[in-house]
Amino acid sequence: MRKILGISAFYHDSAAALIIDGKIVAAVQEERFSRERHTAKFPVHAIKYCLETSGINIEELDCVIFYDKPLLKFERLLETYFAFAPKGLVSFLKAIPVWLKEKIFLKRVIVDNLHEIEKFNKKNLVLLFTEHHLSHAASSFFASAFEKSAILTIDGVGEWCTASIGYGNGKNIKLLKEMNFPHSVGLLYSAFTYFLGFTVNSGEYKLMGLAPYGNPASEQTIFFEKTIRDVLVDIKVDGSIWLNQKYFNYAIGLKMVDDAVWERIFKLAKRHPEADITQSHCNLALAIQHITEDIVLKMATEAKKITGSENICLAGGVALNCVANGKLAESGLFRQIYIQPAAGDAGGALGAALAGYHIYFNEPRIPSDCIDIMNGSYLGPDYSNKEIELMCRKVKAVFHTYNEFEDLSRIVAEKLAEGNIIGWFQGRMEFGPRALGNRSILGDPRNLEMQKKINLKIKNREGFRPFAPSVLLEDANEYFELETESPYMLLVAPVRENIRNPVPDNYHDLSLKEKLNWNRSKIQSVTHIDFSARIQTVSKDISPRYYKLIKSFKQFTGFGLLVNTSFNVRGEPIVCSPFDAYRCFMSTELDYLVINDYLFSKVEQHDWQNKEKWISSFKND
Numbered sequence: 336m337r338k339i340l341g342i343s344a345f346y347h348d349s350a351a352a353l354i355i356d357g358k359i360v361a362a363v364q365e366e367r368f369s370r371e372r373h374t375a376k377f378p379v380h381a382i383k384y385c386l387e388t389s390g391i392n393i394e395e396l397d398c399v400i401f402y403d404k405p406l407l408k409f410e411r412l413l414e415t416y417f418a419f420a421p422k423g424l425v426s427f428l429k430a431i432p433v434w435l436k437e438k439i440f441l442k443r444v445i446v447d448n449l450h451e452i453e454k455f456n457k458k459n460l461v462l463l464f465t466e467h468h469l470s471h472a473a474s475s476f477f478a479s480a481f482e483k484s485a486i487l488t489i490d491g492v493g494e495w496c497t498a499s500i501g502y503g504n505g506k507n508i509k510l511l512k513e514m515n516f517p518h519s520v521g522l523l524y525s526a527f528t529y530f531l532g533f534t535v536n537s538g539e540y541k542l543m544g545l546a547p548y549g550n551p552a553s554e555q556t557i558f559f560e561k562t563i564r565d566v567l568v569d570i571k572v573d574g575s576i577w578l579n580q581k582y583f584n585y586a587i588g589l590k591m592v593d594d595a596v597w598e599r600i601f602k603l604a605k606r607h608p609e610a611d612i613t614q615s616h617c618n619l620a621l622a623i624q625h626i627t628e629d630i631v632l633k634m635a636t637e638a639k640k641i642t643g644s645e646n647i648c649l650a651g652g653v654a655l656n657c658v659a660n661g662k663l664a665e666s667g668l669f670r671q672i673y674i675q676p677a678a679g680d681a682g683g684a685l686g687a688a689l690a691g692y693h694i695y696f697n698e699p700r701i702p703s704d705c706i707d708i709m710n711g712s713y714l715g716p717d718y719s720n721k722e723i724e725l726m727c728r729k730v731k732a733v734f735h736t737y738n739e740f741e742d743l744s745r746i747v748a749e750k751l752a753e754g755n756i757i758g759w760f761q762g763r764m765e766f767g768p769r770a771l772g773n774r775s776i777l778g779d780p781r782n783l784e785m786q787k788k789i790n791l792k793i794k795n796r797e798g799f800r801p802f803a804p805s806v807l808l809e810d811a812n813e814y815f816e817l818e819t820e821s822p823y824m825l826l827v828a829p830v831r832e833n834i835r836n837p838v839p840d841n842y843h844d845l846s847l848k849e850k851l852n853w854n855r856s857k858i859q860s861v862t863h864i865d866f867s868a869r870i871q872t873v874s875k876d877i878s879p880r881y882y883k884l885i886k887s888f889k890q891f892t893g894f895g896l897l898v899n900t901s902f903n904v905r906g907e908p909i910v911c912s913p914f915d916a917y918r919c920f921m922s923t924e925l926d927y928l929v930i931n932d933y934l935f936s937k938v939e940q941h942d943w944q945n946k947e948k949w950i951s952s953f954k955n956d
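Residues 336 to 956, numbered by the numbering used here, are exactly what the sequence shown covers, in order.
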C-alpha cells in the first residue's frame, strides 16, 4: 500500500495532499487553518490534517515529495541577475540572503519542519522533488479520467518553465515543448493586474471580472490592444510569446513594471488600490483579456497539432482564467477538456504526490467511472455533530436541528426564495480556490439587488465583482449555451437569448455603474454585463445535498439554479471550521447559517446586532 505526501510551500498557496494506493485521501490549503490568505508558510496544519484523517504517521509514508526543484529556481535567479546586471541590485540584495538562509537548503528545512509535526527517524525519510510544471501536468492528467490526453500548463514561472505542452498516456507523462522565463503569459497578465491596482498573485481574477465592462468597439480598447501587441509582446503562431523586457521589471525589480513607462505608452495613469474604477481601466482589462485568450487558443492549437489528441488537460494559474477556458471549449478544438480545480500552486502538492505514485513508483492508474478522481474536490476537513454542538455551546448559539434533510432543504429553499442570503456549510471543505456548495454563500439569482447586497454588505468587496450560478446539471443547457459539464466553476459560457432582457443601443457607452444596474436578465445576479456566466453544474452523484437544495429551490420558484459565492469576506480565506462560519455569519449581514443539519437564524442569536464583536481584520486582497 503506497502512501505519498505531496507538499507545496514557500512561494504562495502552500498546501498538502495525501495519496494512498492511487486514491486522493485528503488535500487542503494551509490558509484555511492559519486564516492567512495565500500563505507561503510551511503547511504544518494541512499536513497534520492529511495524516490525522488517514490515521497514519510520517514513518509510514513511502515518500514525501515537494512540488518543484529549488536549486533550479536558484540557478534561474542567479542567471537572471547576472544577465541584467548591474540592474536589480536592490532586489538581488533582498532575495539572496533569504535563499542562502532557507530556500537553498530546502531539504533540511522540510525535514526539520516535518520533525516538528511528529518525531520520526530522519534517515528513513524518502524526500523527492519534482519539476514545477510536471507537478501541474500530473495534477490534471492523473486526476482526469482520460487514458490519453494532451496537457497544457501555463502560469507565472516554475523553475525556468512558464508554460508547457505535454502528452499523458496511462501512467506516463512526457513534456514535449516548453516556454521559459522571462517570457510568461502569467507574468504578463500579472503586470496588468498590478497596473490596474490589484494585488499580484491574488487579484488576477478581479482583472478577469473587470474585463467585460470594457467596450470592445471603443477606439481606446483598440489602441490598448494594438499597443500591447506592438510594444510589449510578440505572439508567435504556436502561442509562445516574447516579452520586451525593456517594459517589465519583474525579472530584477521589486515591482512588476515601471509605472511612469507604462503610463506613457498607454496614456493612462496607474490605478492605485481602492481608487475609483474608470471606463479606461475596464477597456485596458478587456484588451489584455482578449490577448490572453488569443495566446491560450494558439497554445492549445499547437498542443492539438503535436499530440493529435482529442482530449486536453489544463493546469497552472492561467488555467483558472475561466473566460479563456470557455473560449477554448467553444472553439471545438478538443472533444473533451479537463481542468484541475486546484490549478494553481496549491494543486502542485497534489500533482507532486500523483507524479510520485505513477512515475517514480511506476504504479498503475485506477480507472475512474466519473469525470475524475477528485471526489468533487471535496477533500478537506468535515466536522461531526459533536464538534458543531461544542462550538454552539462555546458561543451560546441558538439553533434548530432537522432529522430529515428533506425538511431542512425545503425550509432553506423557501428562505432563499424570500430574498434571504444564507451561509451554507456542509461536509468536507473544497480543495482549490472555488466554493462548490460545501463552503458557500447562497442567494436567489432572480433578485435584482442580490449581487450588490452580497458584494457590499456581506463580502465587503468591489461592487463590480460577478457571481457564479450553481445550476442543476440537467438544467444547465436551459439557461446557458454550454454543451459540457462544468463541476468546478472553471468555464464561462453565454446566457441564452431567451433568458436575456433587451438593452439600449448605447449599452456599451453606459457607465460601469449604469451597466451593472441594468436589468439585463431573468437571472440578473449571475448574468455578467456581457451576458456571460461562470457556471458550476451540480450533479446529484457528486454533490447530493447541494443538488437536493437546488432542486427544492426549483420546486418553489421554477428556477433550478442559485447564486454561489465563497463563504468568506474580502481578504479572508474560505471558512474551514464551524466557528469560522459562525463568526463570519455574525460579523456580516447574512440572514441564516446552515452547518450540516443545524439551522441558525440571525435574529435569534444573542446580541445579534453587535457585529463589531465578531469582526476579524483581514488584509485586503
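Every residue gets a Cβ at the ideal spot worked out from N, C-alpha and C, and that includes glycine.
In angstroms, rounded to a whole number, what distance separates the CA positions of M591 and P908?
Distance between the alpha carbons of M591 and P908 is about 25 Å.
Using DSSP with H/G/I as helix, E/B as strand and the rest coil, what is L689?
Assignment of L689 by DSSP, reduced to helix, strand and coil, places it in the helix class.
Could you check if W577 is buried or exposed, using at least 16 other CB atoms within 10 Å of its CB as the buried criterion?
Residue environment for W577: exposed (fewer than 16 other C-beta atoms within 10 angstroms of its C-beta).
Could you give the distance in angstroms between the alpha-carbon of P804 and the alpha-carbon of K458?
Straight-line spacing of the CA atoms in P804 and K458 works out to 51 Å.
Hey, is the segment 618-630 in contact with the segment 540-553, meaning 3+ C-beta pairs nearer than 8 Å?
Counting C-beta pairs closer than 8 Å gives three or more between the segment 618-630 and the segment 540-553, which meets the contact rule.
Does the segment 775-788 come close enough to the segment 521-530 to have 3 or more Cβ pairs within less than 8 Å?
No: the two stretches stay apart, fewer than three of their Cβ pairs being nearer than 8 Å.
Closest to T497 by CA distance: which of A650, E414, R599, F558 is it?
It is A650.
Any idea if A361 is buried or exposed, counting beta-carbon neighbours within 10 angstroms, 16 or more meaning buried?
By the 10 Å Cβ count, A361 comes out buried.
Sort K605, G893, I626 by Cα distance to H616 and report the nearest one.
Answer by Cα proximity: K605.
Is it true that the CB of M764 sits closer than 8 Å to the CB of C911?
The answer is yes: Cβ separation under 8 Å.
Cβ-Cβ separation, Y502 to T642 (assumed contact under 8 Å), whole Å
Yes, T642 and Y502 are in contact; Cβ-Cβ is about 5 Å, under 8 Å.
Apply the 10 Å Cβ neighbour rule to A595 and answer buried if 16 or more other Cβ atoms are within range, or exposed otherwise.
Residue burial annotation: A595 is exposed, with fewer than 16 other C-beta atoms found within 10 angstroms of its C-beta.
With a Cβ-Cβ cutoff of 8 Å, do F455 and I393 count as a contact?
Result yes, Cβ atoms of F455 and I393 sit closer than 8 Å.
So, for R835: in the same chain, excluding its five sequence neighbours on each side, which residues have a beta-carbon less than 7 Å away from its beta-carbon?
Non-local C-beta neighbours of R835 in its own chain, meaning closer than 7 Å and more than five positions away in sequence, comprise R855, S856, F866, ordered along the chain.
Is it the case that the segment 669-684 contacts the segment 345-357, given that we only count it when at least three CB pairs across the two stretches are under 8 Å?
Counting C-beta pairs with one atom in each stretch, the segment 345-357 and the segment 669-684 have three or more that are closer than 8 Å, which means they touch.
For W577, report the span of its alpha helix (DSSP H) as first-last.
Annotation for W577: no alpha helix (DSSP H) segment contains it, though the beta strand (DSSP E) segment containing it runs 576-578.
Inter-residue CB distance, V898 and P780 (contact presumed, cutoff 8 Å)
Separation of the CB atoms of V898 and P780 is rounded to 5 Å, and the pair is thereby assigned contact status at 8 Å.
Whole angstroms is fine: what's the gap from K509's alpha carbon to A480's?
Whole-angstrom Cα-Cα distance: 18 Å.
Bridge-paired residues (DSSP) for Y673
Y673 is bridged to C648.
Candidates L487, E924, S475, of which the one nearest E947 by Cα
For E947, the nearest C-alpha among the options comes from E924.
Which residue wins for smallest C-alpha separation from G652, given the options R599, K639, G767?
Answer by Cα proximity: G767.
Between which two residues does the beta strand (DSSP E) holding W597 run?
Note, W597: premise wrong, no beta strand (DSSP E); alpha helix (DSSP H) at 594-601.
Report the three-state DSSP secondary structure of Y814 (helix, strand or coil).
Y814 carries a helical assignment under DSSP once its states are collapsed to helix, strand and coil.
Reducing DSSP to helix, strand and coil, say where F953 ends up.
Looking at F953 - three-state DSSP - the assignment turns out to be coil, as it is neither helix nor strand.
Kindly indicate which residue of F799, T534, K937, G715 has the alpha-carbon position closest to the one of E849.
Looking only at F799, T534, K937, G715, the smallest Cα-Cα distance to E849 is reached by F799.
Rounded distance between the beta-carbons of V747 and Q940, thought under 8 Å
Cβ atoms of Q940 and V747 stay farther apart than 8 Å, at about 17 Å.
Residue of Y927, D926, P913, R905 minimising C-alpha distance to F953
The residue among Y927, D926, P913, R905 with its C-alpha nearest the C-alpha of F953 is R905.
Leaving out the 5 sequence neighbours to the left and right, which residues in its chain are closer than 6 Å to S499 when beta-carbon positions are compared?
Hits under 6 Å: H468, T488, L510, E513.
Can you grab the Cα-Cα spacing for the pair K571 / Y582, in whole Å?
Spanning the two alpha carbons is a distance of roughly 19 Å.
Ignore the nearest five residues each way along the sequence and tell me which others in S887's own chain have a CB closer than 6 Å to its CB.
Excluding sequence neighbours, S887 sits near S744, R745, A748.
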